[in-house]
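**Student:**
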Amino acid sequence: MSSKKDFLERHSIKQLLKTTLHDNIENIATHLKAFLQTKDPESLHQYRVYIRTARSICLEFSEFMDEKRQFVLDKTLKVLQQETNEMRDLDVFIESLDAYKQKIAAQYWDDVEHLQTQLLAEKELAYRSFETKFTPKLQAKIIEELAQLQNDEKLCLPKSEEKLFRHIKAIIEKRLKKIAKLSKKLDIKSSNEKFHKLRLHYKKLRYTCDALSFKQFAKSFKPIQNAFGKVQDKNTQIERIKRYNSANSVALQKVIALLEEEIDNDKRVCIEKSTKDTLQTMHEKFEKIFTCKES
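Residue numbering for the sequence shown follows UniProt numbering, starting at 1 and increasing by one per position.
(1) Note down, in chain order, each residue of its chain lying with its Cβ closer than 6 Å to the Cβ of residue 298, except the 5 sequence neighbours on either side.
(2) Where does Leu198 land, buried or exposed, given buried means 16+ other C-beta within 10 angstroms?
(3) For Glu86, which option in Asp74, Glu122 and Thr117 has the closest C-alpha, if you only look at C-alpha atoms?
(4) Here's the rule I'm using: 16 or more other beta-carbon atoms within 10 Å means buried, otherwise exposed. How should Phe71 be labelled?
(5) First and last residue of the alpha helix (DSSP H) that includes Leu59?
(6) Just curious, the alpha helix (DSSP H) that Glu144 is in, first and last residue?
(7) Below 7 Å CB to CB, which residues in the same chain sit around Lys39 once its five sequence neighbours on both sides are set aside?
(8) With distances taken from CA atoms, which of Asn245, Pro41, Glu239 and Glu161 is nearest Glu124?
(9) Roughly how many angstroms separate the alpha carbons of Arg88 and Asp152, rounded to a whole number?
(10) Following the continuous alpha helix (DSSP H) through Met282, name the residue where it begins and the one where it ends.
(11) Just curious, the alpha helix (DSSP H) that Ile256 is in, first and last residue?
(12) Figure out for me which residue from Ala257, Ile289, Ser220 and Val250 has the closest Cα to the Cα of Gln237.
(13) Among residues of its own chain, excluding the 5 on either side of His31, which ones have a beta-carbon nearer than 7 Å to its beta-carbon?
(14) Rank Asn265, Lys273 and Phe130 by C-alpha distance to the C-alpha of Gln82 and give the top, closest one.
(15) Please state whether the Cβ-Cβ distance between Lys273 and Phe217 is less than 7 Å.
(16) Given a threshold of 16 other Cβ atoms within 10 Å of its Cβ, counted over all protein chains shown, does Asn24 qualify as buried or as exposed?
(17) Cβ atoms of Leu90 and Gln116: under 7 Å apart, would you say?
(18) Looking at C-alpha atoms only, which residue of Asn27, Ser12, Thr275 and Thr84 is the closest neighbour of Lys181?
(19) When DSSP labels each residue in this structure, what does Ser213 get in the three-state scheme?
(20) Would Ile143 pass as a contact of Ala29 if the rule is Cβ separation under 7 Å?
(21) How many angstroms separate the CA atom of Lys159 from the CA atom of Asp210?
(22) Classify Glu9 as buried or exposed, calling it buried when 16 or more other Cβ atoms lie within 10 Å of its own Cβ.
(23) Provide the residue span of the alpha helix (DSSP H) that contains Lys177, from first to last.
(24) Comparing C-alpha positions only, which one of Leu73, Ala247, Gln280 and Lys174 sits nearest to Ser220?
(25) Given Ile224, which residues of its chain have a CB within under 6 Å of its CB, disregarding the five upstream and five downstream residues?
(26) Tell me whether Thr135 is buried or exposed, calling it buried when 16 or more other Cβ atoms sit within 10 Å of its Cβ.
(27) Nearest by alpha-carbon distance to Glu193: which of Gln232, Lys203 and Asn248 is it?
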C-alpha cells in the first residue's frame, strides 16, 4: 500500500486540521518573535508561510468546520498576513534592484541608487511601525486567541471525523480543475489579475499538499508557482516606482520598461508551463499518490 494512502486511511480530517493548526500557530509565534528580534527577512518569510499554510488548509476543508469559527480564524490570520505585505514587497524589490541597475546604462545609476535609498527608508519605516504595533503583550494576545480557536471543540463539525482518504482526492482535484480551466484561457494578453489568480490557486494547492506531506508532488509545481510570482512582483514594483515622480526620470522610465519587458517574458514562461500536457502530467503525479510509493 502507498505510504501516503496509508496515512490518508488512518487519519481523519479533524486530526489533520487540529495538528496542522497547532503546529502552524506554534511556528507563527516562533518566527514572529524571531523577526521582531532580528529583522531578518527570512524570519518574516517563514512567518508568512505558516500563516498561509494555516489559511489554505482551513479554506480547503472549510465544509468540515463550523462556519462562524472558521470565518473568525481565517480573518485573524488574514489580518496578520496583510500586516506584512508591505514589508515583504519592499524586501523583494530591494533585493532585485541591483540586478535591474546592471541592465541599464551607468549614467542612470545615480537615480536608481536614489530609488534604492528611498526604498530602504520605506522599509525602515514599515519595520518600525510593525515593531511598535506588535508588542510582546499583543503577540501573546494574538497567539492565545489563535490557540483558543484551534482548541475549540466546536471548530470542527462531526463529519470531520471521517478519514482523509474519503475526501482528499476530490478536494485536490477540484483545485486542479480550477487551475486547468483558468490555464486554458491564458495568453500573453491576459490580464495581470488572471495571472495573479492562477498564482494563488497554485499557492493554496502547494500549502495544502505540504500539510498532507505530499512533498514530492508539491515540489513538482513549485517552479510554475515561482513563474507566476515573478509576474505579480514586477507589476507591484512598477506601481511602486510610479510613486516617485517616475515620469520626470529617464532612469526610472528605463527600469519600468525593463520590468515590462521581463513581465512579458515571465508570462510566456507561465504559459509554456501551463500547457494541457503539463497539467495532465501534474494530475498523473497526484494519482500516483494513491497507487504507489513516492520516491
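By construction, the Cβ of each residue, glycine as well, lies at the ideal position given by its N, Cα and C atoms.
**Tutor:** Reading it off the structure:
(1) The requested residue 298 does not occur in the structure, where the chain is confined to residues 1 to 295.
(2) Working through the sequence shown from its first residue, we reach residue 198 at position 198. Buried.
(3) For the purposes of this step, residue 86 is taken as the residue at position 86 of the sequence shown. Ranking Asp74, Glu122 and Thr117 by Cα distance to Glu86 puts Glu122 first.
(4) Sequence index remark: in the sequence shown, residue 71 carries index 71 (1-based). Counting the other CB atoms within 10 Å of its CB gives Phe71 a total below 16, which places it among the exposed residues.
(5) As a working note, residue 59 is residue 59 in the sequence shown. Pro41 to Glu60 is the extent of the alpha helix (DSSP H) around Leu59.
(6) Along the sequence shown, read from residue 1 onward, the residue named residue 144 stands at position 144. It spans Pro136 to Asn151 - the alpha helix (DSSP H) in which Glu144 sits, taken as one unbroken run.
(7) For the purposes of this step, residue 39 is taken as the residue at position 39 of the sequence shown. The beta carbon of Lys39 lies closer than 7 Å to those of Tyr127 in the same chain, with the five residues before and after it left out.
(8) For this step, residue 124 is matched to residue 124 along the sequence shown. When only C-alpha atoms are compared, the closest one is Pro41.
(9) Along the sequence shown, one-based indexing puts residue 88 at 88. Along the sequence shown, one-based indexing puts residue 152 at 152. The alpha-carbon atoms of Arg88 and Asp152 are separated by roughly 32 Å.
(10) Looking up residue 282 in the sequence shown gives position 282. Lys276 to Lys288 is the extent of the alpha helix (DSSP H) around Met282.
(11) Position 256 of the sequence shown holds residue 256. In the DSSP assignment, Ile256 falls within the unbroken alpha helix (DSSP H) covering Val250 to Glu272.
(12) Here residue 237 refers to the residue found at position 237 of the sequence shown. Of the listed residues, the one whose Cα sits closest to Gln237 is Ala257.
(13) For the purposes of this step, residue 31 is taken as residue 31 along the sequence shown, with counting starting at 1. Correct list, in chain order: Ser43, Gln46, Tyr47 and Tyr50.
(14) Taking the first residue of the sequence shown as 1, we reach residue 82 at position 82. The residue with the shortest Cα to Cα distance from Gln82 is Phe130.
(15) On the sequence shown, residue 273 is found 273 positions in, with the first residue counted as 1. On the sequence shown, residue 217 is found 217 positions in, with the first residue counted as 1. Not closer than 7 Å, so no.
(16) Taking the sequence shown and counting its residues from 1, the one referred to as residue 24 is at position 24. Flag for Asn24 reads buried.
(17) For the purposes of this step, residue 116 is taken as residue 116 along the sequence shown, with counting starting at 1. For the purposes of this step, residue 90 is taken as residue 90 along the sequence shown, with counting starting at 1. Between Gln116 and Leu90, the gap from beta carbon to beta carbon reaches 7 Å or more.
(18) Locating residue 181 in the sequence shown gives position 181, where the first residue counts as 1. The residue from Asn27, Ser12, Thr275 and Thr84 with its alpha-carbon nearest to that of Lys181 is Thr275.
(19) As a working note, residue 213 is residue 213 in the sequence shown. Residue state, collapsed to three classes: coil.
(20) Counting from 1 along the sequence shown, the entry for residue 143 is found at position 143. Counting from 1 along the sequence shown, the entry for residue 29 is found at position 29. Yes, Cβ-Cβ distance for Ile143 and Ala29 is below 7 Å.
(21) Position 159 of the sequence shown, counting from 1, holds the residue named residue 159. Position 210 of the sequence shown, counting from 1, holds the residue named residue 210. Going from the Cα of Lys159 to the Cα of Asp210 covers about 23 Å.
(22) What you label residue 9 is simply residue 9 of the sequence shown in a count that begins at 1. Burial call: exposed.
(23) For the purposes of this step, residue 177 is taken as residue 177 along the sequence shown, with counting starting at 1. Residues Ile168 to Lys184.
(24) By 1-based counting over the sequence shown, the position of residue 220 is 220. That would be Gln280, whose Cα lies nearest to the Cα of Ser220.
(25) As a position in the sequence shown, residue 224 is number 224, starting the count at 1. Leaving aside the five residues that flank Ile224 on each side, the residues in its chain whose CB is nearer than 6 Å to its CB run, in chain order, Lys273.
(26) Translated into the one-based positions of the sequence shown, residue 135 becomes position 135. Thr135 comes out exposed.
(27) The sequence position of residue 193 within the sequence shown is 193, counting from 1. Per the Cα distances, Gln232.
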